[in-house]
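Numbering (full-length UniProt numbering), first residue to last: 1 to 519.
Here's the structure, in structure tokens; my notes come after.
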RNA sequence: GGGGCGGUAGCUCAGCCGGUCAGAGCAGUGGACUCAUAAUCCAUCGGUCACGGGUUCAAGUCCCGUCCGCCCUACCA
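Here it is in structure tokens:
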């Protein structure tokens, strides 16, 4: 059961120049489902998402399009990113942009604080610069040249020699925190989840940390370094701070104290920024480290990691236009073990939609509502004399409620949904076995029929409550058809089986209509 | 190069410290039923657990090697 404690969950902020694809949507949905579940379980919940808008690439594309970088970002936020949240029905509590005043001002405060405390020093960055890419390359990005560049290191992309450049930079003494980070991973084994992610982070830190260059002076689209305005803050350093500037760091200490620390959800590609750099930054500032960092897996399409560069990126609307946002949310959280890579295919999506949502849950809701309408004129009957079968259903309801709540606590939404589905299956089996349509033929069975219908009705209501975080639209429709009081999202999900009955059911359109198979 | 993970029914995946571990869901097949979105329920077909060795009374389950896929990390021409 919930204890009303604070639950603050974040997603990475979107890099505005990206094009939204189901990978972005997946992280959002996962965070949203966890947030809705906690919120509905009585926790003081806050879900944050937003956009990352600084950096050279954005400056460059804005310039190429003849607008200022801020105008460029404004446009993308309004036309791409906020609409994405609508598309997949995200109920975030806040949306931060790294160009917000609340962010920029407090990033400077944070940085000044680290500077004053001696965590930052002036150094010189030396690296291989590729003119073609207009950026520094890591040694691993270089390959041996051929032909006229035989014997030289060349950029893997442009196949041209790189230049060794020097740039004055400010550095964060991240190396000083290696031991404290290792101690953190040791003391809190679940700080980085899943375990495979934790192992990689630990071995990375054990191999030695170097200091981090945190400023750039070759372009100016970013937050000014407060003591040297010829430099802007390195985009990652800037971006990570959104998690605290959004909840009042530097200006609203009460709010900050109430929300922090956060549970971060990230794709495993950016795990290191969140599990190493970010905690080191917080330690340096004397702030509490996050509650946890969960690195989820990739979505695989045709066995390959989905990515925009491979043109396998799928726009979320492609799915929601046909199946709806509820199905999108359900599918990705149900079909993929959260934390592992997961295969996406239209066939699997279609099959699960049909078998689980339409035939399993949706049809169950339809048949129960239809029978109460048909046999009792819509009046919700009372459970007159519950027997063993009814006790068994009640037990499944309780178990599904407890097991799903516990799974959410473990950040295992796939297990939570699986636990709820045991109730779907049990109810379909119960209705078939009890044969209310047979009972209805003889008035002598009136009480038994009441009991069966009441039991099925109660079970379906419990499902509406339990599934509300996952399929909010369908749950609300069902709740309304059940004639249940209030809004389903206000009913405690950690005590779902204790919901208050309605008196009269009303017509229910199919929650998940069959989709004619064409593709 | 080093390290890690994975390769189990047509598909997606469970199988913790070795001994009902050969499983689930979907798909397929047969049957029951009609309240329901041609839905539901029951039954059933289906796998040399990547490959080759080894340890053991007993190995998907431990050890060694090979092949394949992926990830992290380091890179000498």
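All C-beta atoms in this analysis are idealised placements derived from N, C-alpha and C, irrespective of residue type, glycine included.
Other residues of its chain near residue i: CB distance less than 8 Å, five sequence neighbours each side excluded
i	result
residue 169	122, 123, 124, 125, 213, 214, 215, 216, 217 and 231
residue 271	192, 197, 200, 201, 293 and 295
residue 227	112 and 115
residue 504	378, 379, 380 and 483
residue 481	365, 369, 505, 506, 507 and 508
residue 268	197, 295, 296, 297 and 298
residue 236	273 and 277
residue 512	324, 326, 327, 353, 357, 358, 361, 362 and 474
Opening and closing residue of the alpha helix (DSSP H) in which residue i lies
i	result
residue 371	363-376
residue 244	242-245
residue 323	316-323
residue 163	Here residue 163 belongs to no alpha helix (DSSP H); instead the beta strand (DSSP E) covers 163-172.
residue 29	22-40
residue 185	178-187
residue 197	195-206
residue 346	346-352
Element boundaries [beta strand (DSSP E), containing residue i]
i	result
residue 410	Run containing residue 410: none; DSSP gives neither H nor E here.
residue 457	Unbroken run through residue 457 is the alpha helix (DSSP H), 446-467; no beta strand (DSSP E).
residue 300	299-301
residue 44	44-52
residue 337	From DSSP, residue 337 is part of no beta strand (DSSP E); its letter is neither H nor E.
residue 293	292-296
residue 480	Premise fails: residue 480 lies in the alpha helix (DSSP H), 472-481, not in any beta strand (DSSP E).
residue 523	As displayed, the chain neither begins before 1 nor continues past 519, which places residue 523 out of reach and without an answer.
residue 7	6-10
Nonlocal neighbours in the same chain, by C-beta distance under 6 Å from residue i, ignoring five residues either side
i	result
residue 1	For residue 1, the predicted model reports a pLDDT of 49, less than 50, meaning its position is unreliable; a value from the coordinates is still stated below. Same-chain partners within the cutoff: 494.
residue 90	28 and 32
residue 94	48 and 246
residue 104	223
residue 337	414
residue 167	125
residue 452	434 and 436
residue 92	47 and 49
residue 280	174 and 177
residue 497	397, 398, 401 and 462
residue 263	9, 291 and 292
residue 69	58, 59, 62 and 221
residue 45	7, 35, 38 and 39
Residue environment, residue i, which counts as buried when at least 16 other CB atoms sit within 10 Å
i	result
residue 76	buried
residue 253	exposed
residue 164	exposed
residue 180	exposed
residue 533	No answer is possible for residue 533: the residues shown for the chain start at 1 and end at 519.
residue 477	buried
residue 345	exposed
residue 290	buried
residue 384	exposed
residue 510	exposed
residue 52	buried
residue 83	exposed
residue 351	exposed
residue 486	exposed
residue 259	buried
residue 397	buried
residue 20	buried
residue 257	exposed
residue 404	buried
residue 25	buried
Own chain partners of residue i with C-beta closer than 7 Å, once the 5 adjacent residues on each side are dropped
i	result
residue 456	368, 427, 430 and 431
residue 321	none
residue 30	265, 296, 333, 338 and 413
residue 519	In this prediction, residue 519 scores a pLDDT of 39, lower than 50, which makes its location untrustworthy; the coordinate-derived value is nonetheless stated afterwards. Here the set comprises 346.
residue 275	192, 201 and 293
residue 283	177, 180 and 289
Practice task
Check whether the region 394-408 touches the region 485-503, counting contact only when three or more Cβ pairs, one atom from each stretch, lie closer than 8 Å.
Solution key: Because the criterion of three Cβ pairs below 8 Å is met, the region 394-408 and the region 485-503 touch.
Practice task
Give, in chain order, every unbroken run of the alpha helix (DSSP H) that is at least 4 residues long and sits entirely within the region 59-114.
Solution key: DSSP assignment within the region 59-114 yields the following whole alpha helix (DSSP H) runs of 4 residues or more, N-terminal first: 69-76 and 82-87.
Problem - Touching by the beta-carbon criterion (3+ pairs, under 8 Å), the region 435-452 and the region 368-384 - result: Pairwise C-beta distances place the region 435-452 in contact with the region 368-384, as three or more of them are shorter than 8 Å.
Handout entry: Runs of beta strand (DSSP E) wholly within the region 211-288 (minimum 3 residues, chain order)
Key = Counting only unbroken stretches of 3 or more residues, the beta strand (DSSP E) elements lying wholly within the region 211-288 are 228-233 and 263-267, in sequence order.
Exercise for the section: Quick one: which unbroken alpha helix (DSSP H) runs of 4-plus residues sit fully inside the region 382-440? Chain order, please. Expected result: If we require 4 residues or more, the alpha helix (DSSP H) runs fully inside the region 382-440 come out as 388-409, 413-434 and 436-439.
Exercise for the section: Would you check if the region 63-83 and the region 349-366 touch, i.e. whether three or more CB-CB distances between them fall below 8 Å? Expected result: No, the region 349-366 is not in contact with the region 63-83.
Handout entry: Stretch pair the region 416-425 + the region 460-469: three plus CB contacts closer than 8 Å
Key = Here the region 416-425 makes contact with the region 460-469; the two share three or more CB pairs at distances below 8 Å.
Practice task
Determine contact between the region 232-251 and the region 324-335, defined as no fewer than three beta-carbon pairs at a distance below 8 Å.
Solution key: Because the criterion of three Cβ pairs below 8 Å is not met, the region 232-251 and the region 324-335 do not touch.
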